[in-house]
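These protein sequences, in sequence, are chains H and F.
For the first sequence, the positions run 26 to 510 when my numbering is used.
For the second sequence, the positions run 26 to 510 when my numbering is used.
There are 2 protein chains.
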Amino acid sequence: MEIAAETQKKAGFFAYGWDCLKSSKTKLVQVAKNAQKQGQDDPRKIIHSLKVGLALTLISMFYYFRPLYDSFGVSGMWAVLTVVVVFEFTVGATLSKSLNRGFATMVAGALGVGAQELASLFGEEGEPIVLGILVFLLATASTFSRFFPRIKARYDYGVLIFILTFSLVAVSGYRVNDIVELAHQRLSTILVGGATCIIIAIFVCPVWAGEDLHNMTVRNIEKLANFLEGFGGEYFKEPFDGESAVDSKDDKSFLQGYKSALNSKSSEESLANFASWEPCHGRFRFRHPWKQYLMIGAFTRQCAYHIEAISSYINSEIQVSAEFRMKIQEPCTKISSESGKALKALASAIKTMTDPSSADPHVASAKAAVKDLEIALNAASLDETDLLEIIPDATVASTLIEIVKCMEKVSETVHELSGLAHFKGVEPNVTPEKPQLLHRGTIKPIPDSDATDVVITIDEASSVSPENDKGPSKGKQDESHVNMC
Amino acid sequence: MEIAAETQKKAGFFAYGWDCLKSSKTKLVQVAKNAQKQGQDDPRKIIHSLKVGLALTLISMFYYFRPLYDSFGVSGMWAVLTVVVVFEFTVGATLSKSLNRGFATMVAGALGVGAQELASLFGEEGEPIVLGILVFLLATASTFSRFFPRIKARYDYGVLIFILTFSLVAVSGYRVNDIVELAHQRLSTILVGGATCIIIAIFVCPVWAGEDLHNMTVRNIEKLANFLEGFGGEYFKEPFDGESAVDSKDDKSFLQGYKSALNSKSSEESLANFASWEPCHGRFRFRHPWKQYLMIGAFTRQCAYHIEAISSYINSEIQVSAEFRMKIQEPCTKISSESGKALKALASAIKTMTDPSSADPHVASAKAAVKDLEIALNAASLDETDLLEIIPDATVASTLIEIVKCMEKVSETVHELSGLAHFKGVEPNVTPEKPQLLHRGTIKPIPDSDATDVVITIDEASSVSPENDKGPSKGKQDESHVNMC
Chain H
26 MEIAAETQKK
36 AGFFAYGWDC
46 LKSSKTKLVQ
56 VAKNAQKQGQ
66 DDPRKIIHSL
76 KVGLALTLIS
86 MFYYFRPLYD
96 SFGVSGMWAV
106 LTVVVVFEFT
116 VGATLSKSLN
126 RGFATMVAGA
136 LGVGAQELAS
146 LFGEEGEPIV
156 LGILVFLLAT
166 ASTFSRFFPR
176 IKARYDYGVL
186 IFILTFSLVA
196 VSGYRVNDIV
206 ELAHQRLSTI
216 LVGGATCIII
226 AIFVCPVWAG
236 EDLHNMTVRN
246 IEKLANFLEG
256 FGGEYFKEPF
266 DGESAVDSKD
276 DKSFLQGYKS
286 ALNSKSSEES
296 LANFASWEPC
306 HGRFRFRHPW
316 KQYLMIGAFT
326 RQCAYHIEAI
336 SSYINSEIQV
346 SAEFRMKIQE
356 PCTKISSESG
366 KALKALASAI
376 KTMTDPSSAD
386 PHVASAKAAV
396 KDLEIALNAA
406 SLDETDLLEI
416 IPDATVASTL
426 IEIVKCMEKV
436 SETVHELSGL
446 AHFKGVEPNV
456 TPEKPQLLHR
466 GTIKPIPDSD
476 ATDVVITIDE
486 ASSVSPENDK
496 GPSKGKQDES
506 HVNMC
Chain F
26 MEIAAETQKK
36 AGFFAYGWDC
46 LKSSKTKLVQ
56 VAKNAQKQGQ
66 DDPRKIIHSL
76 KVGLALTLIS
86 MFYYFRPLYD
96 SFGVSGMWAV
106 LTVVVVFEFT
116 VGATLSKSLN
126 RGFATMVAGA
136 LGVGAQELAS
146 LFGEEGEPIV
156 LGILVFLLAT
166 ASTFSRFFPR
176 IKARYDYGVL
186 IFILTFSLVA
196 VSGYRVNDIV
206 ELAHQRLSTI
216 LVGGATCIII
226 AIFVCPVWAG
236 EDLHNMTVRN
246 IEKLANFLEG
256 FGGEYFKEPF
266 DGESAVDSKD
276 DKSFLQGYKS
286 ALNSKSSEES
296 LANFASWEPC
306 HGRFRFRHPW
316 KQYLMIGAFT
326 RQCAYHIEAI
336 SSYINSEIQV
346 SAEFRMKIQE
356 PCTKISSESG
366 KALKALASAI
376 KTMTDPSSAD
386 PHVASAKAAV
396 KDLEIALNAA
406 SLDETDLLEI
416 IPDATVASTL
426 IEIVKCMEKV
436 SETVHELSGL
446 AHFKGVEPNV
456 TPEKPQLLHR
466 GTIKPIPDSD
476 ATDVVITIDE
486 ASSVSPENDK
496 GPSKGKQDES
506 HVNMC
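Here you go:
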């Protein structure tokens, strides 16, 4: 360091070069650290990169060696292209892209040949005009169809490849006489590329979108549970308690975890979409009710919004009434911790795919605590109290009641999921969408006194949409799903 | 209909066919209606589709006609491929993809030639092994780099094309001796394709990502404003007022609009990313502070979370204390409507890119109303009141106070934006990041008594992050942005 500083005075240029070297070394170290962190956070990222490298090397060698080259021709490069473009992180995404690409190429190829035949009827002068019009019409219509939400969600890539292949075949056909040969070559190379990707994606350390969605749902519910379990202690703690002030620095993470649930909608939706392309794997059947996870996610988010609202009252320095606080502290702490426990039990039921009724006692306790709170509030007299000082506590209490409602809805949707996905210990015939079955005596009597309450409200949950636009249609799709199962 | 029904009895097969025809006709009509709705919602979608059709037809014809075909060879199809893949809805996305594609092709092409030269040193037997190893290493490293958030956001497509081109060039080079010729051909066709897309995207009814982000921010703030302006009247209305019950059915939309702001994060981020690729256009300079819109969006979302929390109290059937309600109704309605007016003024200031200080009086009134509410609460005595009956109103009051805080933060970030983006009527030298300038006497005296308050707290806002992970880094980026401007 000192040497460098001295040199800087003597020879500016040399020093500049040295500085550059040093700074680029620092940058390199930073990039390496960053990479290490990425890899440690999720080792599957490293494995995925190796898988892509493997697939690409295999296909490149395939393309490189003379015998294969001769049979595949220049279109061998389509195999390389397919691997690079189609190989995605999850199996579902890879399958979705491969199948989209394969089908779109076939359909567009056939249409392209048809278009060319049609155009050739118009003579040598008319042909380019007709082809131009056809390409224009098809490209315009297909591009417009990509704005339709359903097509965008599932077939966006397919439509893209459709436009591409149609244009290439329709226009290039004029040159290449043996178009069937070309189509066969291209299709077979795409098949080889796609199949390589699919095989490596499925059989070498697979990453399933469905499992990711499943784990994400569990993790989000657990994070809310952590917040709620700790909230009571954190909110009602004595402000000048030195020990807990030190503690809080270490433990703050559980108070922040819920934030990742606030913006999970788009990633949940794309995972659910990819998951629907996946075959059965591990504990998941082919037609696992992935859409139900979106319902659970929507109610989890709603819960998170309420948590966001009360989180601002933690460590707030507003003066509160000690008398009022004393009255609500116990029921509020109980509501919060029992809701947390219920959510934890639900998360663990999803995780292990077992009957979620172990959450029911906690749901019942949380509801009982709400009753207790209401009784405490009824009994309270506030002759001496400044109203302003009870406002924060009253808001927290009221928001906790809302959180219990959301938590109940999460519980209902998890119960629905357990029926739809045949979780262990759940009577397979009883799907919560059909509560009338309860009267036909086909299921075991419900042991827990509050469980009936839960089952009845489930029907409500499937008709009430938690989010503005997509909720009702989701409900419908789920019903049809039930019928298919 | 009757004929069909009779036929069904006589000839099942014919009836089935008829039904199929009818149902597919219904489906077609539905698709057509859907398409019409899409087009009416945003006519730019139709125009975009026509633009893609135009670009593709131009390039196809370019590729079709003999003279061009001869000079471009088979690689003419790369031009078609480029158009299909690169042409996106917004100018920014198209530019981002074109530039990524162009640069990645160049760099990867050069590296590919280098790799081939290196491999050729190892003799005919060693060459494929060395090439295989190189392809494997590069593909693995590049794929891994796509997981880095920064690279993913801006250069994901470039890295993809880099892997593709490197593999193709490195492996195919063994066959094609005139590799420089090939590289030149491919680059020039990509340039032609990319340039066609960019020219059509920019000069034929352009859709700017930046403008979209700008309008989206305005729209979201307006929706919150609509909710808040109407909330007081809706929440405090008499429950059995027949007339307003009828009214509420027509007016419900303003109570739901805010929901679209809840999940706007990901679309805002991608628009901001694309906007940063765009040249100056309309009222926006090249280095318009797009990141600041993300800050505004984050606080808008936080406001929306609180609105989500109070929206459940509208039309709730919980018994409330009339005495207590009477006391808080006026200040609460005022807080809500003034916050709404302030947000509306801010939205309109962003929309017209003028000085947002017209919102300051409303911010001040809202804060004054909060003071009034606190005084009213202080003065209230609750001897006779059931505590349980005041809880909903107390929660609404307290949440409204939180909303005012969020609204102030929105106001601060909009003031920051007005400084950074040199809105009309804003002193250009005064960026809110540097409040110390206030003491140097370079700006006009602040007319509104509360404005000082706002300016001071702005500094706080840039260091406080509204969302957990990305907030602070955004703040930093904004600061560096200020220095560059």
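Just so it is clear, CB atoms sit at the ideal spot from N, CA and C, and this is done for glycine as well.
Quick caveat: nothing in here was measured; it's all calculated off a predicted structure.
Does the CB of residue i have a neighbour CB from chain F at under 8 Å?
i	result
H/E293	no
H/P68	no
H/E342	no
H/V205	no
H/T438	no
H/L75	yes
H/A370	no
H/N125	no
H/G78	yes
H/M102	yes
H/F169	yes
Contact criterion: CB-CB distance below 8 Å. Does residue i meet it with respect to chain H?
i	result
F/L81	yes
F/Q63	yes
F/W43	no
F/S488	Because F/S488 sits at a pLDDT of 36, beneath the cut-off of 50, its placement in the model cannot be relied upon, and the point is left open.
F/F228	no
F/T165	yes
F/F279	no
F/V109	yes
Buried or exposed: which applies to residue i, given that a residue is buried once 16 or more other Cβ atoms fall within 10 Å of its Cβ?
i	result
F/V116	buried
F/V77	buried
H/S48	exposed
H/R310	exposed
F/H239	buried
H/E433	buried
H/S197	buried
So, helix, strand or coil for residue i, using DSSP?
i	result
F/F191	helix
H/F256	helix
F/T115	coil
H/D44	helix
H/K284	helix
F/K459	Below a pLDDT of 50, predicted positions are generally treated as unreliable, and F/K459, at 38, falls in that range; no measurement from the model is reported.
F/H306	strand
F/F52	This sequence places Lys at residue 52 of chain F; Phe is not what is there. Three-state result, F/K52: helix.
F/T467	Note that F/T467 scores a pLDDT of 31, beneath 50, so its modelled location is shaky; the value from the coordinates is reported in the next line. In the structure shown, F/T467 sits in coil (DSSP, three-state: anything other than H, G, I, E or B).
F/D411	coil
H/K262	coil
F/K449	strand
For residue i, return the contacting residues in chain H, with the cut-off set at a CB-CB distance below 7 Å.
i	result
F/F172	Q63 and K70
F/E399	L413
F/V160	L81, T82 and S85
Which chain F residues sit within Cβ distance under 8 Å of residue i?
i	result
H/P153	M86, Y89 and F90
For a contact defined as C-beta to C-beta under 9 Å, what are the partners of residue i on chain F?
i	result
H/N403	D411, L412 and L413
What does residue i reach in chain F if we use C-beta pairs closer than 7 Å?
i	result
H/L106	L189
H/F448	Chain F residues near H/F448: none, gap ~29 Å exceeds 7 Å.
Along the stretch 324-337 of chain H, what residues have a CB closer than 7 Å to any CB found in chain F?
Y330, H331, E333, A334 and S337
Contacting positions in the stretch 290-314 of chain H - beta carbon closer than 9 Å to chain F
K290, S291 and S292
Listed from N- to C-terminal order along the chain, which residues in the stretch 416-445 of chain F have their beta-carbon within a distance smaller than 7 Å of any beta-carbon of chain H?
I416, P417, A419, T420, A422, S423, T424 and E427
Taking Cβ-Cβ distances below 8 Å as the criterion, which residues of the stretch 180-199 of chain F are in contact with chain H?
L185, I188, L189, S192, L193, A195, V196, S197 and Y199
Interface positions of the stretch 237-258 of chain H facing chain F (Cβ-Cβ less than 7 Å), listed along the chain
none
Interfacial residues, the stretch 45-61 of chain H to chain F, with Cβ spacing under 9 Å:
V56, N59 and A60
For the stretch 132-149 of chain F, list every residue whose C-beta sits within 7 Å of some C-beta in chain H, in sequence order.
none
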